[in-house]
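First comes the structure, then the notes that go with it.
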Amino acid sequence: MPQEPIQLKVSEDDDEMAYLFLPDHPKQTIPGIVKKQTRLSDLIDDYKEPGIYLDFNADDTIIGIEIT
Numbered sequence: 002m003p004q005e006p007i008q009l010k011v012s013e014d015d016d017e018m019a020y021l022f023l024p025d026h027p028k029q030t031i032p033g034i035v036k037k038q039t040r041l042s043d044l045i046d047d048y049k050e051p052g053i054y055l056d057f058n059a060d061d062t063i064i065g066i067e068i069t
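For the sequence shown, the working numbering gives the first residue as 2, with consecutive numbering after it.
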């Protein structure tokens, strides 16, 4: 089965915010699809900018990346 493409969407409300939809993301708003979110700054000592958040589904698969 072919893998879904990666898709980058810039926020319509804030042009300094974007979301990277990874192949396992359903590419639509589904309440509760993100089961866990981890800040990159929590994983890397002394990480400063930009704000990057990793979104995971219920299977602990990374499905998206929020960039602020």
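Just so it is clear, CB atoms sit at the ideal spot from N, CA and C, and this is done for glycine as well.
query                                                                                                  : result
Rounded separation between Asp-60 and Asp-43 - CA only                                                 : 21 Å
Inter-stretch contact (C-beta, 8 Å, three-pair minimum) for the region 35 to 42 and the region 2 to 16 : no
Counted within 10 angstroms of its Cβ, other Cβ atoms place Ile-45 as buried (16 or more) or exposed   : exposed
Neighbour-count burial assignment, Ile-7, 16 or more Cβ in a 10 Å radius                               : exposed
Pick from Pro-51, Leu-23, Glu-5, Leu-9 that is closest to Phe-57, judged by C-alpha positions          : Leu-23
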